[in-house]
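S.K.: Below is one structure. I have some questions about it.
Number of protein chains: 2
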Amino acid sequence: MSADAAPHAKPDLTRNQALVFGALEGAEAPLSAYTILDQLRDDGLRAPLQIYRALDKLVAFGLVHRLESLNAFVACNHPAGEADGESHGTAAFAICENCDSVAEFTEQDVAERLRSWAKTEGFEPHSTVIELRGLCEACRAA
Amino acid sequence: MSADAAPHAKPDLTRNQALVFGALEGAEAPLSAYTILDQLRDDGLRAPLQIYRALDKLVAFGLVHRLESLNAFVACNHPAGEADGESHGTAAFAICENCDSVAEFTEQDVAERLRSWAKTEGFEPHSTVIELRGLCEACRAA
DNA sequence: ATCGCACACGTTATACCATCACGCAATAAT
DNA sequence: ATTATTGCGTGATGGTATAACGTGTGCGAT
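Chains as they are written, first to last, in this note's numbering: chain A, 1 to 142; chain B, 1 to 142.
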């Protein structure tokens, strides 16, 4: 019984996962788990853990990113034109501190450099966090 | 007021700041604000806010870094041999998920690349978070 | 001097973020 | 059918961070 509503063919999401993902897709800014919860109360979700469980899966699927410096989440949305293949290994984020917009991007050379540092140091990276905080172009103008 | 950006030119620390900084200097791993608080109860500190206020200042001075992916803090300690000059603009951290050790380093090219992305996008960065999570050499061997 | 200001401090209360521990239900493999 | 796995729902709890208030001290300007 799956009525798939998602535009991109992705792993089948459970009801909770779909609700959470939908909330993030519809948002213009990152959402905290509790904000998501508030938005989904009418859909029957009542406890933080329901949200966190869904988020964990969505992050594992690569559909959602966690922004560590914000304790919040965004739907994965790399810039148009980016191929889907591997891109979700080393995404970077530029977060506007004025309007909360988030730009996701990948700089292959940055990933490369960090990998190379790790190699010479014998460090085995499992995940990488790259987040720029500042002002987006629009807010800088204002 | 001071526009002093020199990382290791210790501005005069207040008593609370000195206590918090001391706790971080003495630690082998990052400490959370509440862990610091526990360690400083005997010195008369009683409330989280006392810790957070001190940490805010220490971070502003460049004496302490916040690790966003851990919600914890470390004393600034770039690898020996590193010149002091600019280092606290774009420090990167490699965090061992097994032993909690943290290596601080700077990759000039990484900073460069990110600055350059920002420039072409019109994004004005105020701060940058770069954190690698994984296994340090020692723990990888074990 | 003393007023005003900036700044550090101390305390209580509260908000926000995240997980544990339990038990139940549906599904798939044997 | 039994078991293993996975998702779900709930209550309780723990960990992180700030709001709002008031106090005290140093110091320059009048």
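Just so you know, even glycine gets a beta-carbon here, dropped at the ideal spot from N, CA and C.
Identify every run of the beta strand (DSSP E) within the stretch 18-84 of chain A, keeping only runs that are complete inside it and at least 3 residues long; order them along the chain.
M.R.: As far as the stretch 18-84 of chain A is concerned, its whole beta strand (DSSP E) runs of at least 3 residues are 64-67 and 72-75.
S.K.: How would you call Pro30(B), buried or exposed, if buried means at least 16 neighbouring beta carbons within 10 angstroms?
M.R.: Result: buried.
S.K.: Whole-angstrom Cβ separation of Ala75(B) and Phe21(B), contact assumed at under 8 Å?
M.R.: That pair is a contact at about 7 Å.
S.K.: Compare the Cα-Cα distances from Glu97(B) to each of Ala23(A), His126(A) and Ala33(A) and report the closest residue.
M.R.: Closest by alpha carbon: His126(A).
S.K.: Apart from the five residues just before and just after Ala111(B), which ones in its own chain have a Cβ nearer than 8 Å to its Cβ?
M.R.: Excluding residues within five positions, the ones whose Cβ falls inside 8 Å are Gly89, Thr90 and Thr128.
S.K.: With contact counted as at least three CB pairs below 8 Å, one residue from each stretch, are the stretch 10-18 of chain A and the stretch 47-59 of chain A in contact?
M.R.: A contact exists between the stretch 10-18 of chain A and the stretch 47-59 of chain A.
S.K.: Go through its chain and collect everything with a Cβ distance to Gln39(B)'s Cβ below 7 Å, but skip five positions before and after it.
M.R.: So the list reads Ala23, once near-sequence residues are dropped.
S.K.: Looking only at its own chain, which residues have a Cβ that is under 6 Å from the Cβ of Cys136(B), when we skip the five neighbours before and after it?
M.R.: The residues are Cys96 and Ser101.
S.K.: Check the Cβ-Cβ distances between Gly122(B) and every residue of chain A, and say whether any is below 7 Å.
M.R.: Yes, because at least one Cβ of chain A sits closer than 7 Å to the Cβ of Gly122(B).
S.K.: Which residues mark the beginning and the end of the beta strand (DSSP E) in which Thr128(B) is found?
M.R.: Run containing Thr128(B): Glu124 to Leu135, per the beta strand (DSSP E) assignment.
S.K.: Helix, strand or coil: which one does DSSP assign to Gly97(B)?
M.R.: Residue 97(B) is actually Glu in this sequence, not Gly. Of the three classes helix, strand and coil, the one that applies to Glu97(B) here is coil, per DSSP.
S.K.: Excluding five sequence neighbours on each side, which residues of the same chain lie with their C-beta closer than 7 Å to the C-beta of Glu107(B)?
M.R.: Once the five neighbours on either side are set aside, the close Cβ partners of Glu107(B) are Ala92.
S.K.: I'd like the list of long-range same chain contacts for Leu37(B), defined as Cβ closer than 7 Å, with 5 residues on each side in sequence excluded.
M.R.: Contacts found: Leu45, Pro48 and Ile51.
S.K.: His126(B) touches chain A at which residues, Cβ-Cβ below 8 Å?
M.R.: Correct list: Glu97, Arg133, Gly134 and Leu135.
S.K.: Using the Cβ count rule (16 or more neighbours within 10 Å means buried), how would you classify Glu28(A)?
M.R.: Result: exposed.
S.K.: If we cut at 7 Å on Cβ distances, does Ile36(B) have a partner in chain A?
M.R.: No, no contact with chain A.
S.K.: Measuring CB to CB, does Arg113(A) end up less than 7 Å from Asp12(B)?
M.R.: No, these two residues do not count as a Cβ contact at 7 Å.
S.K.: Thinking C-beta only, is Ser69(B) closer than 7 Å to Glu68(A)?
M.R.: Yes, the Cβ-Cβ distance between Glu68(A) and Ser69(B) is below 7 Å.
S.K.: Nearest CA to the CA of Ala118(A): which residue from Ala138(B), Glu121(B), Leu132(B) and Phe123(B)?
M.R.: Closest by alpha carbon: Leu132(B).
S.K.: Can you tell me whether Gly62(B) is buried or exposed? The criterion is at least 16 other CB atoms within 10 Å of its CB, across all chains shown.
M.R.: So Gly62(B) counts as buried.
S.K.: Is the CB of Glu25(A) under 7 Å away from at least one CB in chain B?
M.R.: Chain B contact via Cβ: absent.
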